[in-house]
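First up is the structure itself, then whatever we jot down about it.
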């Protein structure tokens, strides 16, 4: 089976982790700060906070921005559930903004339309989470302008997008957002096995997230409510969580960062090759906005069902039967049972739902060979022409 994504673990990665295993620190040692410094430097952000996952990074980002009961968070329906769940963890409410039909990202046109109505109804969002689906950045400049006009904060869910660029600048620099979140899950562009990070240019937000990821505990006398009893003393000054990354994970991530640009470049080579080989088939290949340089975490096609004899499901199952590990990113969040119980239903976000009825994620990863890619194209061609 050719998987839709696969991590590469080199001897350098193994040696980096083994060095930590032989050290005095398995967690809360020197590697996490080093990894954070590398992330901040690469992304041109002032601060990077490593976390146990992108989900936990989203959670502390929401808490740092003061999201809570009575507040609203808006995000895209085409995302993993964590982009919305982070609001529920804070006791806030969730709504969605339909997607652009070409990029599949949160539509700034739909966002503005919805904001106009929300302002009239007195229910503006406190936080908006644009999701850089497949690694292609959202229209962040337009979203930023709307944030200034309507007073909401912005968290970029860039779980798919490290190594990409927006208007020639690295994703993660937070030029158009308050916080950016990355994921380092094994199928992502670089991995720490499990892990994530939140980046920001705001020291107050960085300090707040650092506190919240470690139980709300501080050893800084300046933050304590009274003088410390001695050098052993710490205080829990807030309710936080154990969302820390280990030194072993950070060592793996730091080693992988050395190959990040190569990984993204290879993904672009493979994507271009797909574009050329699939041009004759009844499907739509991914469109890239001229403002963007995608991280290309995923390569998603959309089937032209009007020109096909088979159904979406039949093609998907046929590819799996031929040894092609296709997937579908994502099932629109508002159709999930948990969200249906909140009052969402099919038909609420038609563009996202049309996407779901046509999309298939094809395999793409840096170590994928041309022979494997040829096998994917051959299988897809057979499914769509027979």
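Residue numbers (the numbering used here): 2 to 387.
Positions of the beta carbon are idealized from the N, C-alpha and C atoms, including for glycine.
Here the structure is a predicted model, which is why all the values come from computation and not from measurement.
Residue i - containing alpha helix (DSSP H), residue span
{"i": "residue 265", "result": "261-278"}
{"i": "residue 212", "result": "204-213"}
{"i": "residue 61", "result": "55-65"}
{"i": "residue 338", "result": "338-341"}
Three-state class that DSSP yields for residue i in the structure shown
{"i": "residue 383", "result": "helix"}
{"i": "residue 84", "result": "helix"}
{"i": "residue 308", "result": "helix"}
{"i": "residue 237", "result": "strand"}
{"i": "residue 294", "result": "strand"}
{"i": "residue 323", "result": "coil"}
{"i": "residue 1", "result": "Given a span of 2 to 387 for the chain in the structure shown, any question on residue 1 remains unanswerable."}
{"i": "residue 114", "result": "helix"}
{"i": "residue 50", "result": "strand"}
{"i": "residue 149", "result": "helix"}
{"i": "residue 228", "result": "coil"}
{"i": "residue 140", "result": "coil"}
{"i": "residue 253", "result": "helix"}
{"i": "residue 19", "result": "helix"}
{"i": "residue 199", "result": "strand"}
{"i": "residue 100", "result": "strand"}
{"i": "residue 109", "result": "helix"}
{"i": "residue 1", "result": "The structure shown has nothing for residue 1, since the chain only spans 2 to 387."}
{"i": "residue 351", "result": "helix"}
{"i": "residue 193", "result": "coil"}
{"i": "residue 186", "result": "coil"}
{"i": "residue 369", "result": "coil"}
{"i": "residue 313", "result": "helix"}
{"i": "residue 135", "result": "helix"}
{"i": "residue 242", "result": "coil"}
{"i": "residue 377", "result": "helix"}
{"i": "residue 162", "result": "coil"}
{"i": "residue 120", "result": "helix"}
{"i": "residue 318", "result": "helix"}
{"i": "residue 68", "result": "coil"}
Whole-number beta carbon distance between residue j and residue i, since they are thought to touch under 8 Å
{"i": "residue 54", "j": "residue 197", "result": "5 Å"}
{"i": "residue 163", "j": "residue 261", "result": "7 Å"}
{"i": "residue 214", "j": "residue 50", "result": "7 Å"}
{"i": "residue 57", "j": "residue 242", "result": "7 Å"}
{"i": "residue 85", "j": "residue 334", "result": "5 Å"}
{"i": "residue 173", "j": "residue 183", "result": "7 Å"}
{"i": "residue 147", "j": "residue 116", "result": "6 Å"}
{"i": "residue 327", "j": "residue 362", "result": "6 Å"}
{"i": "residue 206", "j": "residue 239", "result": "Rounded, the Cβ-Cβ distance is 14 Å, inconsistent with contact."}
{"i": "residue 279", "j": "residue 378", "result": "7 Å"}
{"i": "residue 385", "j": "residue 14", "result": "Going by Cβ atoms, the distance from residue 385 to residue 14 rounds to 38 Å, so no, they are not a contact pair."}
{"i": "residue 367", "j": "residue 227", "result": "In fact, because the Cβ distance is near 53 Å, the residues do not count as touching under 8 Å."}
DSSP bridge partner residues for residue i (one or two, in chain order)
{"i": "residue 219", "result": "236"}
{"i": "residue 170", "result": "167"}
{"i": "residue 180", "result": "156"}
{"i": "residue 129", "result": "75, 155"}
{"i": "residue 285", "result": "303"}
{"i": "residue 28", "result": "247"}
{"i": "residue 4", "result": "326"}
Run of the beta strand (DSSP E) containing residue i, from where it starts to where it stops
{"i": "residue 36", "result": "That residue, residue 36, is in no beta strand (DSSP E); its alpha helix (DSSP H) goes 32-44."}
{"i": "residue 96", "result": "94-97"}
{"i": "residue 360", "result": "360-363"}
The ligand FMN heavy atom lying under 6 Å from the CB of residue i
{"i": "residue 2", "result": "The ligand FMN is absent from the structure shown, which contains no ligands of any kind."}
Inset, instruction - Evaluate the contact criterion for the region 120-134 versus the region 81-100: three or more CB pairs, one atom per stretch, below 8 Å. - result: The region 120-134, when compared against the region 81-100, does touch it at the 8 Å Cβ threshold.
Legend entry - Stretch-stretch touch, CB-based, cutoff 8 Å, three pairs: the region 129-136 with the region 282-298: Short answer: they touch.
Legend entry - Cβ pair count under 8 Å reaching 3, the region 20-34 against the region 236-250: Verdict: yes, contact present.
Inset, instruction - Spell out a yes or no on whether the region 196-212 and the region 29-46 are touching, meaning 3 or more CB-CB pairs, one atom from each, closer than 8 Å. - result: Output reads yes: the region 29-46 touches the region 196-212.
Legend entry - Stretch-stretch touch, CB-based, cutoff 8 Å, three pairs: the region 150-158 with the region 61-74: They touch, by the three-pair rule.
Inset, instruction - Check whether the region 280-290 touches the region 344-352, taking contact to mean three or more Cβ pairs, one atom from each stretch, closer than 8 Å. - result: No: the two stretches stay apart, fewer than three of their Cβ pairs being nearer than 8 Å.
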